[in-house]
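Residue numbers (numbering that gives the first Met the number 0), protein chains in the order written: chain D, 0 to 229; chain Z, 0 to 229.
Report on the structure given below.
Number of protein chains: 2
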Amino acid sequence: MRDGQRRTGRQGIPEATVARLPIYLRALGTLGDEGVSTVSSEALAAAAGVNSAKLRKDLSYLGSYGTRGVGYDVDYLVYQVSRELGLTQDWPVVIVGLGHLGHALANYGGFTTRGFAIRALVDNDPAVVGTEVGGLVVQPLDRLEQVVETLGVAIGVITTPAAVAQDVCDRLVAAGVGSVLNFAPSVLVVPEHVEVRKVDMSIELQILAFHEQRKVSSDLTPDLAKVVGK
Amino acid sequence: MRDGQRRTGRQGIPEATVARLPIYLRALGTLGDEGVSTVSSEALAAAAGVNSAKLRKDLSYLGSYGTRGVGYDVDYLVYQVSRELGLTQDWPVVIVGLGHLGHALANYGGFTTRGFAIRALVDNDPAVVGTEVGGLVVQPLDRLEQVVETLGVAIGVITTPAAVAQDVCDRLVAAGVGSVLNFAPSVLVVPEHVEVRKVDMSIELQILAFHEQRKVSSDLTPDLAKVVGK
DNA sequence: CTCACTTTGTGCTCTCGTTCACAAGCGCTT
DNA sequence: AAGCGCTTGTGAACGAGAGCACAAAGTGAG
Numbered sequence: 000m001r002d003g004q005r006r007t008g009r010q011g012i013p014e015a016t017v018a019r020l021p022i023y024l025r026a027l028g029t030l031g032d033e034g035v036s037t038v039s040s041e042a043l044a045a046a047a048g049v050n051s052a053k054l055r056k057d058l059s060y061l062g063s064y065g066t067r068g069v070g071y072d073v074d075y076l077v078y079q080v081s082r083e084l085g086l087t088q089d090w091p092v093v094i095v096g097l098g099h100l101g102h103a104l105a106n107y108g109g110f111t112t113r114g115f116a117i118r119a120l121v122d123n124d125p126a127v128v129g130t131e132v133g134g135l136v137v138q139p140l141d142r143l144e145q146v147v148e149t150l151g152v153a154i155g156v157i158t159t160p161a162a163v164a165q166d167v168c169d170r171l172v173a174a175g176v177g178s179v180l181n182f183a184p185s186v187l188v189v190p191e192h193v194e195v196r197k198v199d200m201s202i203e204l205q206i207l208a209f210h211e212q213r214k215v216s217s218d219l220t221p222d223l224a225k226v227v228g229k
Numbered sequence: 000m001r002d003g004q005r006r007t008g009r010q011g012i013p014e015a016t017v018a019r020l021p022i023y024l025r026a027l028g029t030l031g032d033e034g035v036s037t038v039s040s041e042a043l044a045a046a047a048g049v050n051s052a053k054l055r056k057d058l059s060y061l062g063s064y065g066t067r068g069v070g071y072d073v074d075y076l077v078y079q080v081s082r083e084l085g086l087t088q089d090w091p092v093v094i095v096g097l098g099h100l101g102h103a104l105a106n107y108g109g110f111t112t113r114g115f116a117i118r119a120l121v122d123n124d125p126a127v128v129g130t131e132v133g134g135l136v137v138q139p140l141d142r143l144e145q146v147v148e149t150l151g152v153a154i155g156v157i158t159t160p161a162a163v164a165q166d167v168c169d170r171l172v173a174a175g176v177g178s179v180l181n182f183a184p185s186v187l188v189v190p191e192h193v194e195v196r197k198v199d200m201s202i203e204l205q206i207l208a209f210h211e212q213r214k215v216s217s218d219l220t221p222d223l224a225k226v227v228g229k
């Protein structure tokens, strides 16, 4: 009896699905706050901005948590999705780099409420080290490894200038961090087992600019659009 | 002679390719600063962290700008990619919501250097309106439409709380904004012709948590590793 | 001029993800 | 208890993207 087919377990959740689970979780939270106790895939999909078939398939990877003819129990589904994402525990996080963005993240409450706890702030600017930001005292860069090991930090957030991002990343990884969220505009090279995700607002704007430009050019020269495409 | 095959024109650039062009552009910029004048697809791909075949295919959608046996001219390619992304002009941007994140973005220099100009800041908190941030005076929310229309803003950045994000978005769109970058943790509903991209750090962290959790659970049960696929 | 070498551009295959469409399953009503 | 209407879960078709592998096209040496 092969189990290759069955991926209901922990094994085969597609990456694309994982990326959407947090969105579902957020939508479920909102619905819960509104007092909704049961929701159909159609309604939840609308709240999350996706196709309902896709939503059902996504949820089916976690197991059969819905009731046919009824829908999904909001609280129960919140629990199951949270568990799948590993949010039933609090993940300690360190932020390296306390420029404007680092400050903003340190003060942002959105993390704490969702299974994350910012446990340490690190910077190498003497003017910033020792100051208190968001209830934490900024540590010097020398103490990076010590902080990571002592607090058992698994997730590091990099908000440094691009020039030092790779160096900081290497040190985080060497100290035991397994996942990195990179806000610096640079490509990070990491070992196989380390997960990196990046956030780059400049890139997002450039993608928007591309679409804007296309709109403009087709508006201005409808006749020549196919020839010049300017 | 059919040209259905030929998508070298402006028409058919895959979305996945568009999303990578800014990364290539950044890598090219770095290479240019280092004095490199010609680069092979292999080298550029390494700098951008992608497969070289993918890079070549991506660039081929823009046209044949390389020289076989030699590589790509850095400056020329920078120009071509910039042009394709619509970065040869400066796009005026408005930021709505000046909390910690809005402040950080307003002070971030990375945009300005890449074809974007933050032209206005808007908020509805009387304590913030009228103050100067990053060289601009914060405008009251009432003036949102006026600001957008006067400055010809095409791109809006939303850094408000989730509760008002949809409302702000609607007003931006009504005033003529065609592209929105949303930092608020909410799903925005917009008309067909409007482009939305979202940045949500909380979601990124949750995706990382998922992978961390998987690592941890397979560490705990090393004997089951081959079953779980650690 | 020819040949050897380098690197681009792309046809093709394979994998991953999306969407459709419907059978299976559940609750409610009669 | 039987039937009806609603909603889930999923097989299957479809589409987009990744990557291999190689022909085409350029350079430079002899």
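Positions of the beta carbon are idealized from the N, C-alpha and C atoms, including for glycine.
### Query
At what residues does the alpha helix (DSSP H) containing Z:P21 begin and finish?
On the second sequence, residue 21 of chain Z is found 22 positions in, with the first residue counted as 1. It spans 14–32 - the alpha helix (DSSP H) in which Z:P21 sits, taken as one unbroken run.
### Task
Please name the residue in Z:V172, Z:V132, Z:A119 whose C-alpha comes closest to that of Z:N106.
Residue numbering aside, residue 106 of chain Z sits at position 107 when the second sequence is read from its first letter. When only C-alpha atoms are compared, the closest one is Z:V132.
### Message
Looking only at its chain, what residues have a beta carbon closer than 7 Å to the beta carbon of Z:V38, apart from the 5 residues adjacent to it on each side?
### Response
The count along the second sequence starts at 1 and reaches residue 38 of chain Z at position 39. So the qualifying residues of the chain are L30, G70, Y71, V73.
### Message
Let's see if you can read the secondary structure: which residues bound the alpha helix (DSSP H) around D:Q165?
### Response
Against the first sequence, residue 165 of chain D aligns to sequence position 166. Element bounds for D:Q165: 161–174.
### Query
Mind checking Z:T112: buried by the 16 CB within 10 Å criterion, or exposed?
Within the second sequence, numbered from 1, the residue matching residue 112 of chain Z stands at position 113. With fewer than 16 other Cβ atoms within 10 Å, it is exposed.
### Task
Using the DSSP secondary-structure output, state which residues sit across from Z:Q138 in a beta bridge.
Counting from one through the second sequence, the residue named residue 138 of chain Z turns up at place 139. Paired residues: Z:V121.
### Message
Under 9 Å, CB to CB, which of the residues in the segment 88–108 of chain D have a partner in chain Z?
### Response
Q88, W90, V92, G98, H99, L100, G101, H102, A103, L104, A105, N106, Y107
### Residues, ordered as in the chain, of the segment 49–62 of chain Z that lie near chain D by beta-carbon distance below 8 Å
Residues of the segment 49–62 of chain Z with a C-beta atom less than 8 Å from some C-beta of chain D do not occur.
### Message
Classify D:S40: buried if its beta carbon has 16 or more other beta carbons within 10 angstroms, exposed otherwise.
### Response
Numbered from its first residue, the first sequence carries residue 40 of chain D at position 41. Buried.
### Query
When the Cβ atoms of the segment 55–65 of chain D are set against those of the segment 113–127 of chain D, are three or more pairs found closer than 8 Å?
no
### Backbone CA spacing between Z:L204 and D:V17 [nearest angstrom]
For the purposes of this step, residue 204 of chain Z is taken as the residue at position 205 of the second sequence. For the purposes of this step, residue 17 of chain D is taken as the residue at position 18 of the first sequence. Each residue's Cα considered, the two are about 12 Å apart.
### Query
Is D:A183 helix, strand or coil when you go by DSSP?
On the first sequence, position 184 is the one that residue 183 of chain D refers to. Correct three-state label for D:A183: coil.
### Task
Report yes if the CB atom of D:E211 is closer than 8 Å to the CB atom of Z:G85, and no otherwise.
If you number the first sequence from 1, residue 211 of chain D lands on position 212. If you number the second sequence from 1, residue 85 of chain Z lands on position 86. In this structure, Z:G85 lies closer than 8 Å to D:E211 by Cβ.
### Message
Do Z:V186 and D:A46 count as a contact pair if the criterion is CB distance below 8 Å?
### Response
Taking the first residue of the first sequence as position 1, residue 46 of chain D is located at position 47. Taking the first residue of the second sequence as position 1, residue 186 of chain Z is located at position 187. Cβ atoms of D:A46 and Z:V186: closer than 8 Å.
#### Entry: Three-state secondary structure (DSSP) of Z:R55
What you label residue 55 of chain Z is simply residue 56 of the second sequence in a count that begins at 1. Here Z:R55 sits in helix by DSSP.
### Task
Determine the direct distance from the alpha carbon of Z:I206 to that of D:E14, and round the result to whole angstroms.
By one-based count along the first sequence, residue 14 of chain D stands at place 15. By one-based count along the second sequence, residue 206 of chain Z stands at place 207. When rounded, the distance between both Cα atoms is 9 Å.
### Option in Z:G177, Z:G175, Z:G96 with minimal Cα separation from Z:Q138
As a working mapping, residue 138 of chain Z is identified with position 139 in the second sequence. Checked all of Z:G177, Z:G175, Z:G96; the closest Cα to Z:Q138 is Z:G96.
### Query
DSSP state of Z:T66, grouped into three classes?
Here residue 66 of chain Z is taken as the residue at index 67 of the second sequence, counted from 1. In the structure shown, Z:T66 sits in a strand (DSSP, three-state: E or B).
### Query
By Cβ distance, which residues of its chain are closer than 8 Å to Z:R170, with the 5 residues on each side in sequence left out?
The residue given as residue 170 of chain Z occupies position 171 in the second sequence. Correct list, in chain order: L143, E144.
#### Entry: Same chain, Cβ closer than 8 Å to Z:E194, neighbours up to 5 away in sequence not counted
Here residue 194 of chain Z is taken as the residue at index 195 of the second sequence, counted from 1. Shown here for Z:E194: same chain residues with a beta carbon closer than 8 Å to its own, the five before and five after excluded, namely G177, S178, V179 in chain order.
### Query
D:T66 to D:L27, Cα distance in whole Å?
Here residue 66 of chain D refers to the residue found at position 67 of the first sequence. Here residue 27 of chain D refers to the residue found at position 28 of the first sequence. Each residue's alpha carbon lies about 16 Å from the other.
### Query
Anyone know if the C-beta pair for Z:M200 and D:L104 falls short of 8 Å?
Counted from its first residue, the second sequence places residue 200 of chain Z at position 201. Counted from its first residue, the first sequence places residue 104 of chain D at position 105. It is a contact, given that the beta carbons lie within the stated cut-off.
### Query
Z:L24 to D:D124, Cα distance in whole Å?
Stepping through the second sequence from its first residue, residue 24 of chain Z is reached at position 25. Stepping through the first sequence from its first residue, residue 124 of chain D is reached at position 125. So the alpha carbons of these two residues sit roughly 30 Å apart.
### Query
Does DSSP classify Z:E148 as helix, strand or coil?
Indexing the second sequence from 1 puts residue 148 of chain Z at position 149. It is helical.
### Query
Could you give the distance in angstroms between the alpha-carbon of D:V92 and the alpha-carbon of Z:G68?
As a working mapping, residue 92 of chain D is identified with position 93 in the first sequence. As a working mapping, residue 68 of chain Z is identified with position 69 in the second sequence. Computed Cα separation, rounded: 48 Å.
### Message
Against chain D, does Z:Q145 count as a neighbour if the rule is that its beta carbon must be under 8 Å from one of theirs?
### Response
To locate residue 145 of chain Z, count along the second sequence from 1; it is residue 146. Z:Q145 does not count as touching chain D.
### Cα-Cα separation, Z:G48 to Z:R55
Here residue 48 of chain Z corresponds to residue number 49 of the second sequence, with the count starting at 1. Here residue 55 of chain Z corresponds to residue number 56 of the second sequence, with the count starting at 1. Looking at the two C-alpha atoms, the distance is approximately 13 Å.
### Message
By the three-class DSSP mapping on this structure, what secondary structure does D:S178 have?
### Response
In the first sequence, the residue the question calls residue 178 of chain D occupies position 179. Here DSSP, grouped into helix, strand and coil, assigns D:S178 to strand.
### Message
Based on DSSP bridge pairs, tell me the residues matched to Z:D72.
### Response
Position 73 of the second sequence, counting from 1, holds the residue named residue 72 of chain Z. Bridge partners of Z:D72: Z:T37.
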